[in-house]
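Asker: Input: one structure, supplied below.
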Amino acid sequence: MKKRILAFILLASTLLCLCSCSNINSNSKFSIHFIDVGQGDSALVECDGRYMLIDGGNEAAGEKVCNVLKEKEIRKLDILAISHLHEDHYGGLRNALTYASSIKLTISNSKYSDNKSFLKFERELRRNGSKITVPPLGKKYKLGSAMVEVVDVSAEKNNDSLVLLITYGSTRFLFTGDIERQGQLRVVNALKKNDQDFTHSLIKMPHHGAYNDKHGFNNNALQPLFWKYYPDYIVISVGKGNQYDHPHQDALDIVKNLIVDSRELKWDNHVFRTDLNGDITVKSNGKELTVKTSK
Ligand SMILES: [Zn+2]
771 MKKRILAFIL LASTLLCLCS CSNINSNSKF SIHFIDVGQG DSALVECDGR YMLIDGGNEA
831 AGEKVCNVLK EKEIRKLDIL AISHLHEDHY GGLRNALTYA SSIKLTISNS KYSDNKSFLK
891 FERELRRNGS KITVPPLGKK YKLGSAMVEV VDVSAEKNND SLVLLITYGS TRFLFTGDIE
951 RQGQLRVVNA LKKNDQDFTH SLIKMPHHGA YNDKHGFNNN ALQPLFWKYY PDYIVISVGK
1011 GNQYDHPHQD ALDIVKNLIV DSRELKWDNH VFRTDLNGDI TVKSNGKELT VKTSK
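Note that the working numbering has the sequence shown beginning at 771, numbered continuously upward.
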């Protein structure tokens, strides 16, 4: 009798593990819409009817972000993530929040900025019943069958950002905000703790493809980030003819070495830029990614 009970417990725990390990059922859906907001970032993540908006572009992009929410009839956001409190990341949100007026959780790497447009946005956010929370490093949030993990949350340096790693089945997506050298090195360390195998990895290129590393090309921090994360899909959110000359050639060279030389992937199928490709929609079935662009 004891043996039977033991066998039953073993079977039950194996089944439980199988269910929780393969957490994606056949009805599950996952997509990311990188919205072409010019010089700035904005991406809408959808999973099983749950929604996370990461950044909202600058003020001029607000109407576009709002229209994306309207088209999809998204009035309720499960998570609003603001990578950092720079205008090209939160400026468009005030407009977007006029439609999506219910926000369950708002997260960023900081709560404070004395910028006037930020204070206006913050008032709108409070009117919608939410306020910014700074999550602890390593915090995980469920978004349908996807998992969102905080892999960096520093606000020491000007471009430090809330960095989020989203995993869905055996695919993963890294949202890097505008991190530069120090942040990039911290993310390399954070990724060392995750040794799961992934079939496909996408990165939202840090800081609109900027390369400001002063440590020389052979000692930059972007390269180890790419070696550690090994993305096979890269999205650069950047405005056409922007005043900063983003993306910088050095950053593109790092991408090119990784993508074309070592993996023999085709540049056109794996590197996407909002200034050239417009809106970029990425879908995952948990194993494979498909990408569609508006241009
Ligand atoms: Zn930015």
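Ideal Cβ placement from N, Cα and C applies to all residues, glycine included.
Taking only heavy atoms of ligand 1 into account, decide whether any of them is closer than 7 Å to the Cβ of residue 856.
Answerer: On the sequence shown, position 86 is the one that residue 856 refers to. At least one heavy atom of ligand 1 is nearer than 7 Å to the Cβ of residue 856, so yes.
Asker: Just curious, the alpha helix (DSSP H) that residue 1040 is in, first and last residue?
Answerer: Here residue 1040 corresponds to residue number 270 of the sequence shown, with the count starting at 1. Segment 1037-1040, the alpha helix (DSSP H) holding residue 1040.
Asker: Would you say the beta carbon of residue 978 is closer than 7 Å to some non-hydrogen atom of ligand 1?
Answerer: Walking along the sequence shown from the start, residue 978 turns up at place 208. For ligand 1, at least one heavy atom lies less than 7 Å from the Cβ of residue 978.
Asker: Determine the direct distance from the alpha carbon of residue 867 to that of residue 797, and round the result to whole angstroms.
Answerer: By one-based count along the sequence shown, residue 797 stands at place 27. By one-based count along the sequence shown, residue 867 stands at place 97. When rounded, the separation of the alpha-carbon atoms in residue 797 and residue 867 is 29 Å.
Asker: In terms of residue numbering, what span does the alpha helix (DSSP H) encompassing residue 876 cover?
Answerer: Here residue 876 refers to the residue found at position 106 of the sequence shown. That residue, residue 876, is in no alpha helix (DSSP H); its beta strand (DSSP E) goes 872-878.
Asker: Determine which residues share a DSSP beta bridge with residue 856 and list them.
Answerer: Locating residue 856 in the sequence shown gives position 86, where the first residue counts as 1. Bridge partners of residue 856: none, in fact.
Asker: From residue 1051 to residue 882, what does the alpha carbon distance come to, in whole angstroms?
Answerer: Within the sequence shown, the letter at position 281 stands for residue 1051. Within the sequence shown, the letter at position 112 stands for residue 882. If you take the alpha carbons of residue 1051 and residue 882, they lie about 32 Å apart.
Asker: Count the other CB atoms, across all protein chains shown, that sit within 10 Å of the CB of residue 987; report buried if there are 16 or more and exposed otherwise.
Answerer: In the sequence shown, residue 987 corresponds to position 217, counting from 1. It counts as exposed.
Asker: Buried or exposed: residue 985, going by 16 or more other Cβ atoms within 10 Å of its Cβ?
Answerer: Translated into the one-based positions of the sequence shown, residue 985 becomes position 215. Looking at its Cβ environment, which holds fewer than 16 other Cβ atoms inside 10 Å, residue 985 is exposed.
Asker: Indicate, with yes or no, if ligand 1 has a heavy atom lying under 7 Å from the CB of residue 1018.
Answerer: Here residue 1018 corresponds to residue number 248 of the sequence shown, with the count starting at 1. Result no, Cβ not under 7 Å from ligand 1.
Asker: List the endpoints of the continuous alpha helix (DSSP H) containing residue 891.
Answerer: Taking the first residue of the sequence shown as position 1, residue 891 is located at position 121. 886-897 is the span of the alpha helix (DSSP H), which, as asked, contains residue 891.
Asker: Might you give, ordered along the chain, the residues of its own chain that have their beta carbon closer than 6 Å to the beta carbon of residue 853, omitting 5 neighbours on each side?
Answerer: Here residue 853 refers to the residue found at position 83 when the sequence shown is read from its first residue. Taken in chain order, the residues that qualify are 825, 859, 931, 932 and 947.
Asker: Just grab the DSSP bridge partners of residue 942 for me.
Answerer: Translated into positions along the sequence shown, residue 942 becomes position 172. Its beta-bridge partners are 937 and 971.
Asker: Quick one: what does DSSP say residue 978 is sitting in, helix, strand or coil?
Answerer: On the sequence shown, residue 978 is found 208 positions in, with the first residue counted as 1. In the structure shown, residue 978 sits in a helix (DSSP, three-state: H, G or I).
Asker: Starting from residue 918, trace the beta strand (DSSP E) in both directions and tell me its first and last residue.
Answerer: The count along the sequence shown starts at 1 and reaches residue 918 at position 148. From DSSP, the beta strand (DSSP E) with residue 918 extends over 916-922.
Asker: Short of 8 Å in beta carbon distance, which residues of its chain neighbour residue 795, apart from the five on each side in sequence? Order them along the chain.
Answerer: On the sequence shown, position 25 is the one that residue 795 refers to. The answer, listed in chain order, is 915.
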